[in-house]
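Numbering that gives the first Met the number 0 numbers the first residue of the sequence shown as 0 and each following residue consecutively.
First the structure, in the form of structure tokens, and then the observations on it.
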Amino acid sequence: MFNDAFVSEILGFDASSDQQLMSFQNLIADLKYGITKSVDTCEFVESFSIKNNLQEDSSEFSTLFINWLDNAIIRHNQYTKGIRRFFEGIMENKIECTVCGCQSVSREKFLELRLDIPDDGSQGTVDLESLIRQALAPRGELIEEHGRGSGSICEEGG
Ligand SMILES: [Zn+2]
């Protein structure tokens, strides 16, 4: 389930003034320390006014929820570094001109990585690591000619 650092971040302060945050603390405490094999999520779901019978887009929901949780925790706990760091990664995007070798590097934070599951109709298993490697593999896209255009990464007069 969640790692210990995340759990102690969630449980490590008094959230009794915030009903939504407290319901999430209760849920995490139940999942971590509860003695029952199933956990009732109703209190949590109701405190967020999520309709029980409504299906949400799960990745959209998780991004919204992580952002909300991060803000709520930072508001209530002056000692926290927030919880985004448990879920966040940094994607580096490098473009290189094959003529002069000029490079442009940009970095972008992300909360989720979309992986393409092969749709080959096979009954086989897919390997998570190879899906990640595939998603991050260099792509030989031809974007712009050397030195041309205002968006060019090449040095002047190159
Ligand atoms: Zn160039």
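Ideal Cβ positions, reconstructed from N, Cα and C, are used throughout, including at glycine.
- In the DSSP assignment, the residues bridged to Met90 are Glu107.
- Contact annotation: the region 79 to 97 does not touch the region 19 to 39, with fewer than three C-beta pairs closer than 8 Å.
- Beta bridge pairing from DSSP links Gln77 with no other residue.
- Annotation: Lys80 to Leu130 spans about 31 Å, alpha carbon to alpha carbon.
- 8 Å or more divides the Cβ of Ile65 from the Cβ of Arg84.
- Not one heavy atom of ligand 1 sits closer than 7 Å to the Cβ of Gly11.
- The beta carbons of Glu111 and Ser58 sit about 6 Å from each other, so the pair counts as a contact at 8 Å.
- A direct Cα-Cα distance of roughly 19 Å separates Val104 from Glu87.
- It is roughly 12 Å from the alpha-carbon of Ala71 to the alpha-carbon of Leu63.
- The beta carbon of Leu26 is closer than 8 Å to those of Val38, Thr40, Glu42, Phe43 in its chain, skipping five residues each way along the sequence.
- As DSSP reads the structure, Glu95 sits in a beta bridge with Gln102.
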